[in-house]
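K.L.:
Counting from 1, position 120 in the sequence shown corresponds to residue 842 in the numbering used here; the numbering is continuous, with no gaps.
Glycine is no exception: its CB is placed at the ideal position from the N, C-alpha and C atoms.
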Amino acid sequence: MATLRIPDKHVTLQDPLAVRQFLDLRGIVNERWSADRGLSSNSTNEQVLAAYDHLLKPLMEKYGYQTTDVINVDGQTQNLQGIREKFLREHTHSEDEVRVFVEGQGLFWFHREEPDDEVFALLCEQGDLISVPANTKHWFDLGDPPKVRAIRIFTDQAGWVPHYTNSGIDRRYRW
Ligand SMILES: [Fe+2]
723 MATLRIPDKH VTLQDPLAVR QFLDLRGIVN ERWSADRGLS SNSTNEQVLA
773 AYDHLLKPLM EKYGYQTTDV INVDGQTQNL QGIREKFLRE HTHSEDEVRV
823 FVEGQGLFWF HREEPDDEVF ALLCEQGDLI SVPANTKHWF DLGDPPKVRA
873 IRIFTDQAGW VPHYTNSGID RRYRW
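1) Give me whichever residues DSSP pairs with D791 in a beta bridge.
2) Would T877 pass as a contact of E817 if the rule is Cβ separation under 7 Å?
3) Tell me whether the beta-carbon of N767 lies closer than 7 Å to the beta-carbon of V792.
4) Cβ-heavy atom distance between E819 and ligand 1 below 6 Å?
5) Counting Cβ pairs closer than 8 Å, one from the region 858-869 and one from the region 756-772, do we hit at least three?
6) Considering G828, what are the terminal residues of the beta strand (DSSP E) in which it resides?
7) Hey, L771 and T790: beta-carbon distance below 7 Å or not?
8) Report the rounded CA-to-CA distance for D796 versus E807, giving the unit in angstroms.
9) How many whole angstroms separate the CB atoms of G865 and W831, which I take to be in contact at a CB cut-off of 8 Å?
10) Decide if L739 is buried, meaning its Cβ has at least 16 other Cβ atoms within 10 Å, or exposed.
11) Out of curiosity, what's the CA-to-CA distance linking I886 and R811?
12) Compare the Cα-Cα distances from S853 to each of L802, E835, L778, H732 and report the closest residue.
13) Taking the DSSP output, what are the residues bridged to S853?
14) By DSSP, does D796 sit in helix, in strand, or in coil?
15) Bridge partners of R727, per DSSP?
16) Report yes or no: do the region 726-743 and the region 820-828 share at least 3 C-beta pairs separated by less than 8 Å?
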């Protein structure tokens with residue numbers, strides 16, 4: 723289950739119900755997903771997608787999502803520093819950002835200005851589905867050493883571009 727941190731309030735939530743309630747109130751979807759067969763680090767991206775198809779298909783139909791792929795980032799990834807910096811800057815998207823963590827972990831940071839200015843982070847691990855609503859300010863911390871394998875679900879892959887806010891707030895909150 724994902725862990726939620728609210729650094730300004732010195733609060734960490736680990737109780738699944740409390741985390742779910744906090745996120746629900748903010749329109750952020752977090753579910754627990756399980757593959758329907760064994761997967762390993764050697765599984766291909768196609769095998770990963772097939773193992774989650776029983777959950778992917780209904781979700782995509784419900785929300786009208788069109789495509790999926792699998793992203794893999796670890797210490798061997800080319801241009802790791804460039805990728806890390808791209809993820810770490812506060813941005814929004816014009817569509818939902820939906821991820822299912824298959825392996826490893828990552829920290830999603832959220833910045834909501836209304837009704838109260840707040841920043842919180844959700845540590846996502848194997849089995850966590852997270853949906854960042856369109857136009858929500860967020861950034862993503864790969865951690866060190868980075869290790870994440872995740873399914874990405876798109877409404878329109880071409881439309882999934884980061885709009886950077888250049889606020890610099892992301893520099894004040896790190897893993
Ligand atoms: Fe994003």
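P.N.:
So, to answer that:
1) Here residue 791 refers to the residue found at position 69 of the sequence shown. According to DSSP, residue pairing for D791 in a beta bridge involves R874.
2) Taking the first residue of the sequence shown as position 1, residue 877 is located at position 155. Taking the first residue of the sequence shown as position 1, residue 817 is located at position 95. Yes, Cβ-Cβ distance for T877 and E817 is below 7 Å.
3) Taking the sequence shown and counting its residues from 1, one reaches residue 767 at position 45. Taking the sequence shown and counting its residues from 1, one reaches residue 792 at position 70. Their beta carbons are under 7 Å apart, which means N767 touches V792 by this criterion.
4) As a first step, residue 819 must be located in the sequence shown, where it is residue number 97. Closer than 6 Å to some heavy atom of ligand 1: that describes the Cβ of E819.
5) Fewer than three Cβ pairs drawn from the region 858-869 and the region 756-772 lie within less than 8 Å of each other, which leaves the two stretches out of contact.
6) What you label residue 828 is simply residue 106 of the sequence shown in a count that begins at 1. That run of the beta strand (DSSP E) goes 819-834.
7) By one-based count along the sequence shown, residue 771 stands at place 49. By one-based count along the sequence shown, residue 790 stands at place 68. Yes. Within cutoff.
8) Position 74 of the sequence shown holds residue 796. Position 85 of the sequence shown holds residue 807. In a straight line, the C-alpha of D796 is about 14 Å away from that of E807.
9) Numbered from its first residue, the sequence shown carries residue 865 at position 143. Numbered from its first residue, the sequence shown carries residue 831 at position 109. Distance from G865 to W831 at the Cβ level is roughly 12 Å; contact not present, criterion being Cβ atoms closer than 8 Å.
10) Locating residue 739 in the sequence shown gives position 17, counting from the first residue. It counts as exposed.
11) Here residue 886 refers to the residue found at position 164 when the sequence shown is read from its first residue. Here residue 811 refers to the residue found at position 89 when the sequence shown is read from its first residue. Before going further, note that residue 886 is Tyr rather than Ile in the sequence given. Rounded to the nearest whole angstrom, the C-alpha separation of Y886 and R811 is 7 Å.
12) Taking the first residue of the sequence shown as 1, we reach residue 853 at position 131. For the residues L802, E835, L778, H732, the minimum Cα distance to S853 belongs to L778.
13) Taking the first residue of the sequence shown as 1, we reach residue 853 at position 131. Bridge partners of S853 according to DSSP: V751, V820.
14) In the sequence shown, counting from the first residue as 1, residue 796 sits at position 74. Of the three classes helix, strand and coil, the one that applies to D796 here is strand, per DSSP.
15) What you label residue 727 is simply residue 5 of the sequence shown in a count that begins at 1. Beta-bridge pairing links R727 to T734, A843.
16) No contact exists between the region 726-743 and the region 820-828.
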